[in-house]
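Note that our numbering has the sequence shown beginning at -2, numbered continuously upward. Ideal Cβ positions, reconstructed from N, Cα and C, are used throughout, including at glycine. Everything on this sheet refers to the single structure shown next.
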Amino acid sequence: MIRLNQEIEQGLRELLDGGNPAEIAERMRQLPPERVAELIAALHPADSAEVFEELEVEQQREVIEELEPEDAAEVLSYLDEEDAAEAVAELSSADIAEILDEMESDDAADILAEMPDEQARAALAGMEDPGEVAELLTYEEESAGSLMTSHVVSLRANATVGQALALLRQLQLDEEIAYYLFVADEAGRLAGVVSLRQLVTADLATPVAQIMNPDVISIPADADQEAAAQTLARYGLLVLPTVDDDGRLVGVITADDVIDVIQEEATEDIYRLAGLSAAETVDQSVLTTSRQRLTWLAVNLPTALLAGSVVSLFEGTVARVAVLAVFMPIIAGMGGNAGIQTLTLIVRSIALGEISLRDSWHTLGREIVVGLVNGICFGLLVGLIAWVWQGLPILGVVAAAAMLANMVAAAIAGTIVPLLLRRLGADPALASGVIVTTFTDVTGYMAFLGLATLLIAYFPT
């Protein structure tokens, strides 16, 4: 590893601690690629990746060419796989293979999956030991198998502690997976787990089966990656074993493997609630951003027309009592906000596995009570404002009743819509926001203008 002099290293560290990798990158743009490579290699890989991301794509490629394969592998492993694939796109297949050989098999497979097929095949063929990486590429994208590291050592249940320790001394285990070792039976099926501490402290003649914990938590390799993340988080595991259909141990998923998954899934849910593409970034072209958003906005237009058509049913009422138009957006807007609050909670709870379909009635009842409480509070407040502001007690009554009704409707829609989409096998975040806000707009207008129409005789003309 290249070392920097103390002054330069201190300056870089201060910039990083100040959360300003962009400033470092700006300074590096003025330097030749070989000098930038020296600076990148001298930092911690996580810091290097953060600075590297701020460089222009062309400079990234020049820097990658200057880095030693080991240093390049460390930097790329901290990047998003799409960015990593783009950074090595101009390298020869042999150079790419040399870098991939220095990476964990799961990281290498992720990068290859983002490359053009021909380039990926050539790079894979050039690797010294492509077997594990090739196997990982056979798993579906976003499956637990695509996350796992297949380089895993399993102990035999009938082996002694002494034999197990002798085996471990011969192998160079990744520090991430060395603390917990998995035990398999003669057929290779997962049978238990034993900690390195247990092995070190046990008598050498003790059978591994005697000290292992047979109650080991695992996940099928073809399970969804989100399920793997939830399982690892729920049980506070550092390592999660993956098994095939016959229960044989095929790999392990480490905690750092799922951090990106959790971030990606959370980002995807948030984006979908707002009708954005999960691939959208702040630095993509204006035309690309507009094209992605126009599609979803076009879907929203009919829902807006639906809400407008409800208002048109009460044109006569609005014409006779024009002040109603002042409070229409207040009733609809507050209901929409309440609906999005409920919707966000439910979608995130589903994503985290905190609620399931069997909890639907309990969750719905809870949210209805919340809607009633909030509806009463804001109904009284808005009713009082309407009364004092316009001097019309009947307007206050109508506004308060409509607010209460819309708050309850928002709670119902915000709960039922994502749960129903989940029941139908669709993503709960997809289209939920549009449906809920449309429902609250229609309900708010209908309740407010409908009540006003029924009580029109009590309004002054």
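Quick check on the burial criterion: 16 or more other C-beta atoms within 10 angstroms. Buried or exposed for residue i?
| i | result |
| --- | --- |
| Gln222 | buried |
| Asp253 | exposed |
| Pro390 | exposed |
| Asp104 | buried |
| Ile256 | exposed |
| Leu378 | exposed |
| Glu4 | Here the model assigns Glu4 a pLDDT of 49, short of 50, so the residue's position is not dependable and the matter cannot be decided. |
| Glu461 | Outside the shown range of the chain, which is -2 to 458, sits residue 461, and nothing can be said about it. |
| Glu35 | buried |
| Val258 | buried |
| Gly368 | buried |
| Asn403 | buried |
| Ala397 | buried |
| Tyr177 | buried |
| Pro415 | buried |
| Leu168 | exposed |
| Gln101 | With the sequence shown as reference, residue 101 is identified as Glu, and Gln is not the correct amino acid for it. Answer is buried; the Cβ neighbour count reaches 16. |
Going by the DSSP bridge assignment, what does residue i pair with across the sheet?
| i | result |
| --- | --- |
| Tyr177 | Ser192 |
| Leu237 | Ile250 |
| Arg153 | Ala181 |
| Pro217 | Val240 |
| Asn297 | None, per the DSSP bridge assignment. |
Out of curiosity, what's the CA-to-CA distance linking residue i and residue j?
| i | j | result |
| --- | --- | --- |
| Val54 | Ser89 | 17 Å |
| Val296 | Glu364 | 28 Å |
| Gln56 | Pro30 | 7 Å |
| Thr440 | Ala348 | 28 Å |
| Asp107 | Val48 | 21 Å |
| Ser45 | Ala38 | 7 Å |
| Gly185 | Val191 | 16 Å |
| Trp384 | Gly333 | 23 Å |
| Gly142 | Gly411 | 34 Å |
| Ile413 | Ala188 | 42 Å |
| Asn371 | Leu401 | 8 Å |
| Ala502 | His359 | The first residue shown for the chain is -2 and the last is 458, placing residue 502 beyond what the model contains. |
| Leu76 | Leu229 | 22 Å |
| Val180 | Trp293 | 50 Å |
| Thr450 | Gln338 | 30 Å |
| Thr135 | Val283 | 36 Å |
| Glu62 | Pro42 | 17 Å |
| Glu262 | Ser140 | 13 Å |
| Ala154 | Leu196 | 13 Å |
| Arg355 | Arg420 | 11 Å |
| Ile328 | Leu310 | 17 Å |
Residue range of the beta strand (DSSP E) that residue i falls in?
| i | result |
| --- | --- |
| Pro326 | From DSSP, Pro326 is part of no beta strand (DSSP E) but of the alpha helix (DSSP H) over 321 to 348. |
| Leu418 | Not the beta strand (DSSP E): Leu418 falls in the alpha helix (DSSP H), residues 390 to 420. |
Just to confirm the assignment, what range does the alpha helix (DSSP H) spanning residue i have?
| i | result |
| --- | --- |
| Ile382 | 357 to 387 |
| Gly142 | 141 to 144 |
| Ser429 | 429 to 451 |
| Leu109 | 102 to 110 |
| Pro90 | Checking the sequence shown, residue 90 turns out to be Ser, not Pro. Ser90 -> alpha helix (DSSP H) spans 90 to 98. |
| Val54 | 54 to 63 |
| Ser74 | 66 to 74 |
| Ile37 | 30 to 39 |
Contact between the segment 246 to 261 and the segment 147 to 163 (3+ Cβ pairs under 8 Å): Taking 8 Å as the limit for Cβ pairs, the verdict is that the segment 147 to 163 does touch the segment 246 to 261.
Stretch pair the segment 208 to 219 + the segment 56 to 72: three plus CB contacts closer than 8 Å: Judged by Cβ distances under 8 Å, the segment 208 to 219 makes no contact with the segment 56 to 72, as fewer than three pairs qualify.
The segment 422 to 433 in contact with the segment 305 to 321 per 3-pair CB rule at 8 Å: No: fewer than three Cβ pairs fall under 8 Å.
The segment 402 to 415 touching the segment 357 to 371, judged by at least three CB pairs closer than 8 Å: With the rule of 3 Cβ pairs closer than 8 Å, the segment 402 to 415 counts as touching the segment 357 to 371.
The segment 225 to 245 / the segment 119 to 137 touching (three or more Cβ pairs under 8 Å): Taking 8 Å as the limit for Cβ pairs, the verdict is that the segment 119 to 137 does not touch the segment 225 to 245.
Cβ pair count under 8 Å reaching 3, the segment 156 to 165 against the segment 202 to 212: The segment 156 to 165 makes contact with the segment 202 to 212; the number of CB pairs closer than 8 Å reaches 3 or more.
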